[in-house]
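Participant: Before I ask anything, here is the structure I am working with.
Residue numbers (the working numbering): 500 to 743.
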């Protein structure tokens, strides 16, 4: 009898020790999980779930013929660019860098994105840089006043060197001319079919309607005598030269 009682006590002790071990393991695992959650909450790698955009909204402006309204030809734009822009076209990137005292660096803002520039450098004369900012500000104002989500438009080409132009010509770009307005820091191209949404809402605006918003802004500035605009449908951009 005594021997059986001793075996029963050892069995209870064995299970009690095993239970404590399991409990200890459980506590350690929970502590690790809590630490992981806290760390991931402050990590830059964490991303919010993608917002479903399922409600299209529109800018109520009246459509117009872009090609007819924006038909300021190369000769007209080149004449003013060569008059108010850099004293001469830069030969290459190093030459453009030597002219930086006459230029302003153009970078992405809350209203537009400077695209990855493969055949130009992000510099404009101060007057052209101010005009680009003014276009961006009016763009944002129209979106806000009409209760539309905020988007950024894209700047696809800025100051080109003669070296950049030769590279474009070799690539087969039919719009690349030797005497280019882009060589004087007065000219920039704005894409009209690619926009980047900033606000996280279910509302969205179609690219064609955003093109109308941007077109309306450019039309206002063109009518005010601030810019020349050429609608380049093959390149899907507005080609803009500042006038003053």
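Cβ atoms here follow ideal geometry from the backbone N, Cα and C, with glycine treated the same way.
(1) How long is the line joining the alpha carbons of residue 604 and residue 679, rounded to whole angstroms?
(2) Taking the continuous beta strand (DSSP E) assigned at residue 653, which residues delimit it?
(3) State buried or exposed for residue 741, treating a residue as buried only when at least 16 other CB atoms are found within 10 Å of its CB.
(4) In chain order, which continuous runs of the alpha helix (DSSP H) of length 4 or greater are located wholly inside the region 561-585?
(5) Would you identify the three-state DSSP class for residue 629, choosing helix, strand or coil?
(6) Roughly how many angstroms lie between the CA atoms of residue 645 and residue 558, to the nearest whole one?
(7) When you compare the region 617-629 with the region 654-669, are there three or more beta-carbon pairs, one atom per stretch, that lie closer than 8 Å?
(8) Given that a residue counts as buried once 16 or more other Cβ atoms are within 10 Å of its Cβ, and exposed if not, what is residue 705?
(9) Grab me the residues of residue 647's own chain with a C-beta within less than 7 Å of its C-beta, minus the 5 sequence neighbours each way, in chain order.
(10) Three or more beta-carbon pairs under 8 Å between the region 564-576 and the region 634-644, yes or no?
(11) What residue range does the alpha helix (DSSP H) around residue 706 cover?
(12) Rounded to whole angstroms, what's the CA-CA distance from residue 597 to residue 733? Just pull it up for me.
(13) Can you tell me where the beta strand (DSSP E) with residue 689 in it begins and where it stops?
(14) What residue does the alpha helix (DSSP H) around residue 624 start on, and which one ends it?
(15) Quick one, which of 697, 682 and 623 has its alpha-carbon nearest residue 578's?
(16) Using three-state DSSP, classify residue 681 as helix, strand or coil.
(17) Please check the pair residue 571 and residue 729, which I expect to be a contact at CB under 8 Å, by giving their CB distance rounded to whole angstroms.
(18) Less than 8 Å between the CB atoms is what I'm expecting for residue 689 and residue 736, so what's the real figure, rounded?
(19) Looking at residue 652: is its Cβ nearer than 8 Å to the Cβ of residue 717?
(20) Have a look at 580, 600 and 639 and flag the residue whose alpha-carbon is nearest the alpha-carbon of residue 687.
(21) List the DSSP bridge partners of residue 555.
(22) Go through its chain and collect everything with a Cβ distance to residue 643's Cβ below 7 Å, but skip five positions before and after it.
(23) Exposed or buried, what is residue 744 when buried is set at 16 or more other beta-carbons lying within 10 Å of its beta-carbon?
(24) Note down, in chain order, each residue of its chain lying with its Cβ closer than 8 Å to the Cβ of residue 612, except the 5 sequence neighbours on either side.
(25) Out of curiosity, what's the CA-to-CA distance linking residue 739 and residue 727?
(26) For residue 724 and residue 629, what's the separation of their Cα atoms in angstroms?
Facilitator: To lay it out plainly:
(1) 20 Å
(2) 650-656
(3) buried
(4) 565-568 and 573-583
(5) helix
(6) 7 Å
(7) yes
(8) exposed
(9) 556, 558 and 704
(10) no
(11) 706-722
(12) 33 Å
(13) 686-696
(14) Run containing residue 624: none; DSSP gives neither H nor E here.
(15) 682
(16) helix
(17) 5 Å
(18) 6 Å
(19) no
(20) 580
(21) 703
(22) none
(23) Nothing can be reported for residue 744: it is not among the residues displayed for the chain, which extend from 500 to 743.
(24) 651, 652, 653, 654 and 695
(25) 6 Å
(26) 15 Å
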